[in-house]
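Okay, so here's the structure we're looking at.
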Amino acid sequence: MTQSKKTITRRDFLRGTTCATFALAMGLFPEEEKIVELPKKTSVILIRDPDVMDAKGRIDGKVIQRMLDEAVTALFEKKEPVEAWKLLVKPEDIVGIKSNVWGPLPTPKELEQAIKRRVMDAGVQEKNIEIDDRGVLQSKIFGQATALINARPLRTHAWSGVGGCIKNYIMFVPRPSKFHGNSCEDLGAIWNLPLVKGKTKLNILVMLEPLFHGVGRHHFDATYTWQYKGLLVGTDPVALDTVGVRIFQAKRLAYFEKERPLKPPTHHIVFADTRHKVGTSDLRKIEIVKLGWKEGVLI
Amino acid sequence: MIGPRLTTAFAVITCLAAMLACAANERDREIISMREYVPSEMNGWKTQDEVETYNRESIFDYIDGAGEVYLMYDFRKVMVFRFAKADQPYILAELFDMGSPQDAFGVFSHAREGEDHGIGQGSEYRGGLLCFWKSKFFVCISLERETPEAKKAVQDLAGNIAEKIKTTGARPELLDYLPSEGLESNSVRYFHKHTTLNYHYYTAGENILNLGPQTEAALATYQPGETYLLCVRYPEQEQAKEALSSFLTAYIPEAEESGSAEIEDGKWVAAKQERAFVIVVFDAPTEAYAQDLIKAVEDRLSELASEERRTP
Numbered sequence: 038m039t040q041s042k043k044t045i046t047r048r049d050f051l052r053g054t055t056c057a058t059f060a061l062a063m064g065l066f067p068e069e070e071k072i073v074e075l076p077k078k079t080s081v082i083l084i085r086d087p088d089v090m091d092a093k094g095r096i097d098g099k100v101i102q103r104m105l106d107e108a109v110t111a112l113f114e115k116k117e118p119v120e121a122w123k124l125l126v127k128p129e130d131i132v133g134i135k136s137n138v139w140g141p142l143p144t145p146k147e148l149e150q151a152i153k154r155r156v157m158d159a160g161v162q163e164k165n166i167e168i169d170d171r172g173v174l175q176s177k178i179f180g181q182a183t184a185l186i187n188a189r190p191l192r193t194h195a196w197s198g199v200g201g202c203i204k205n206y207i208m209f210v211p212r213p214s215k216f217h218g219n220s221c222e223d224l225g226a227i228w229n230l231p232l233v234k235g236k237t238k239l240n241i242l243v244m245l246e247p248l249f250h251g252v253g254r255h256h257f258d259a260t261y262t263w264q265y266k267g268l269l270v271g272t273d274p275v276a277l278d279t280v281g282v283r284i285f286q287a288k289r290l291a292y293f294e295k296e297r298p299l300k301p302p303t304h305h306i307v308f309a310d311t312r313h314k315v316g317t318s319d320l321r322k323i324e325i326v327k328l329g330w331k332e333g334v335l336i
Numbered sequence: 039m040i041g042p043r044l045t046t047a048f049a050v051i052t053c054l055a056a057m058l059a060c061a062a063n064e065r066d067r068e069i070i071s072m073r074e075y076v077p078s079e080m081n082g083w084k085t086q087d088e089v090e091t092y093n094r095e096s097i098f099d100y101i102d103g104a105g106e107v108y109l110m111y112d113f114r115k116v117m118v119f120r121f122a123k124a125d126q127p128y129i130l131a132e133l134f135d136m137g138s139p140q141d142a143f144g145v146f147s148h149a150r151e152g153e154d155h156g157i158g159q160g161s162e163y164r165g166g167l168l169c170f171w172k173s174k175f176f177v178c179i180s181l182e183r184e185t186p187e188a189k190k191a192v193q194d195l196a197g198n199i200a201e202k203i204k205t206t207g208a209r210p211e212l213l214d215y216l217p218s219e220g221l222e223s224n225s226v227r228y229f230h231k232h233t234t235l236n237y238h239y240y241t242a243g244e245n246i247l248n249l250g251p252q253t254e255a256a257l258a259t260y261q262p263g264e265t266y267l268l269c270v271r272y273p274e275q276e277q278a279k280e281a282l283s284s285f286l287t288a289y290i291p292e293a294e295e296s297g298s299a300e301i302e303d304g305k306w307v308a309a310k311q312e313r314a315f316v317i318v319v320f321d322a323p324t325e326a327y328a329q330d331l332i333k334a335v336e337d338r339l340s341e342l343a344s345e346e347r348r349t350p
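Respectively, the protein sequence lines represent chains A and B.
My numbering puts the first residue of the first sequence at 38, with every later residue one more than the last.
My numbering puts the first residue of the second sequence at 39, with every later residue one more than the last.
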């Protein structure tokens, strides 16, 4: 192995000299004095509502619409949700709503419809809107899209640590396996491909009943989900995933009563920032605005 | 002159065609043989006629990113059987040919967390998923959702498959070098590549231990204190020497001759080369404990080498 350039090791994360998010994702806690406040650069809205779902996980469409509206108006500092959505999409836009169909934990239909409703309220014609996941490369609408809305649940993932906003765009490449190397470290590169670059207007990381632990490929186990009843909403997919991972770390610490690093480490989030410049993974630069239900917020 | 040349060319083509036909027949026989391990019916669940097969090239047509886990080992192919029964969740059975018993154990160890379930040569059941290994096979049987009847069918199906695989295989010999005192048995992982090491214990972005398909590695945790012990076997002693040097330079340059250092979190890291092996201890509570663990591996290596010498 050649070591002509400085190798980043576990010790660098312990020293706190490199990304704090990655250190936290590995269950490492850098020395406190190394964590200094920095000017905030991006906002993430965390909104929660105890009534968004019942004990069986059935979602109330009206409540989720209200949560989305409140989040978007707070994010863009507007009084009315449609005013905010008009900043995101224009009537002439062709809009792709990128969801996720993974069986045990898909993007809720109620949320998909809430997004679609507001996109239409902002003036986009229904025929110019499509909701899809695995068919995006075959879709005429996604192929011509001028605006994308990205919405999916957060969950642990066997080969990338977590599946969040960044990973949701893997369906925009013909051969996803091309991005699997070293635990999906370069997923962020997808966001710079011409098909999607600069088109994403809003990201929604669904935290209604996320999966915070799993081992191996077949790893959905309802034991490791909990009704957090939240949405993370923002324009920066890296920041959303960063905050989501921080919530997972807190949940895992509470559940396992000890530090339990995510496996594999979620370094694709860090590299989406440092290598691919898709957003920020530095918690110190992220302003988290918490709205609604506070009990068990974990962050 | 054309006549003999044509004859030679014809002979070569015939020979190649025969070889290809033989290889194809061999593959077909293997697939048929693998198929025979899985019954067509279990407790009322019936398998569909069509069984899917994927190999190293086509694995991603079946599995997303997690398919990489199998490619980290000598994975050859997987056969997928889907079982259905009216008003019951479907059952999915996957039979992986991992090329060797060692790699079947390796891929089983990758995701193991809990207690043994008593099927095959090692097994685990959790949340509607039963996995076991036997011989060169790794088998996963999963449920769409858990019901008492379906859970029983999964267990019966696993037992049936394990029984049909008549041969057993040896665990990786490398595991014999891990000292037993303080070992958390479920924590033992066996692998080849640095990405797998990083999966279980993130060490460095670069491959600072020169791991690869030809190296064997075992990683385990020891109590008290959750100390990690990594033991790597290289094809040659010289490669082990180079790997140790690379590791010390990148990870604990301050260690110098001692091979150990206290790092930022107050824990100790130690590394040593012994013949074709590199032994590394991470997260030890004291330097003495780190050195004791290394010494225990060295003792095991000497012990087993003497046993081998004694065996005629």
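For every residue, glycine included, the Cβ atom is placed at its ideal position computed from N, Cα and C.
Does chain B have any CB closer than 8 Å to the CB of residue i?
i         : result
LYS300(A) : yes
LEU185(A) : no
TRP263(A) : no
VAL252(A) : yes
SER41(A)  : Here SER41(A) scores only 45 on pLDDT, less than 50, and its place in the model is too uncertain to base an answer on.
LEU112(A) : no
ILE241(A) : no
ASP223(A) : no
TRP196(A) : yes
ASN219(A) : yes
ILE169(A) : Rather than Ile, the amino acid found at residue 169(A) in this sequence is Asp. Judged by the 8 Å Cβ criterion, ASP169(A) is not in contact with chain B.
For the candidate residues the options, whose alpha-carbon lies nearest to that of residue i?
i         : options                                    : result
LEU268(A) : PRO211(A), ALA111(A), VAL210(A), ARG85(A)  : ARG85(A)
PHE315(B) : SER225(B), VAL145(B), LYS279(B), MET80(B)  : LYS279(B)
LYS300(A) : THR253(B), ASP214(B), TYR239(B), CYS178(B) : TYR239(B)
GLY198(A) : GLY103(B), ALA122(B), ARG338(B), LYS189(B) : GLY103(B)
SER138(B) : GLN277(B), ALA208(B), GLU222(B)            : ALA208(B)
VAL280(A) : ASP319(A), PHE293(A), PRO298(A)            : ASP319(A)
ALA291(A) : ALA259(A), PHE249(A), ARG312(A), HIS256(A) : PHE249(A)
PRO87(A)  : LYS135(A), ALA259(A), MET104(A)            : MET104(A)
ILE157(B) : LEU268(B), ILE129(B), ALA200(B)            : ALA200(B)
GLY166(B) : TYR265(A), GLY98(A), ARG254(A), PRO231(A)  : ARG254(A)
TYR265(A) : PHE257(A), LYS288(A), VAL275(A), GLY271(A) : LYS288(A)
GLY322(B) : SER296(B), ALA288(B), TYR260(B)            : Inspection of the sequence shows that residue 322(B) is occupied by Ala rather than by Gly. Among SER296(B), ALA288(B), TYR260(B), the Cα nearest to that of ALA322(B) belongs to TYR260(B).
PRO210(B) : GLU294(B), ALA142(B), LEU339(B)            : ALA142(B)
LEU277(A) : ASN219(A), ARG189(A), LEU230(A)            : ARG189(A)
Does any C-beta atom of chain A lie closer than 8 Å to the C-beta of residue i?
i         : result
ASP135(B) : no
GLU357(B) : The requested residue 357(B) is not part of the displayed model; chain B covers only 39 to 350.
GLY220(B) : no
ASN236(B) : yes
ILE301(B) : yes
GLY165(B) : yes
ALA131(B) : no
Alpha carbon to alpha carbon, how far is residue j from residue i? Give it in angstroms, no decimals.
i         : j         : result
GLY82(B)  : ALA149(B) : 30 Å
LYS78(A)  : VAL315(A) : 13 Å
GLY225(A) : GLY105(B) : 20 Å
LYS84(B)  : LYS190(B) : 15 Å
SER78(B)  : GLN102(A) : 48 Å
ALA281(B) : SER214(A) : 30 Å
ALA111(A) : TYR128(B) : 45 Å
So for residue i, helix, strand or coil by DSSP?
i         : result
ARG312(A) : coil
LEU105(A) : helix
HIS304(A) : helix
CYS269(B) : strand
TYR163(B) : strand
SER197(A) : coil
GLU70(A)  : The predicted position of GLU70(A) is uncertain, since its pLDDT is 45 and thus under 50; a value taken from the coordinates is nonetheless stated next. Helix, per DSSP.
PRO213(A) : helix
PRO291(B) : helix
THR44(A)  : coil
Quick check on residue i: buried or exposed, where buried means 16 or more other Cβ atoms within 10 Å of its Cβ?
i         : result
LYS305(B) : buried
GLY250(B) : exposed
LEU185(A) : buried
ALA49(B)  : exposed
ASP273(A) : buried
PRO273(B) : exposed
ARG95(A)  : exposed
PRO302(A) : buried
GLU70(A)  : The predicted model places GLU70(A) with a pLDDT of 45, which falls under 50 and marks its position as unreliable; any figure quoted below should be read in that light. Exposed is the call here.
SER344(B) : exposed
SER218(B) : exposed
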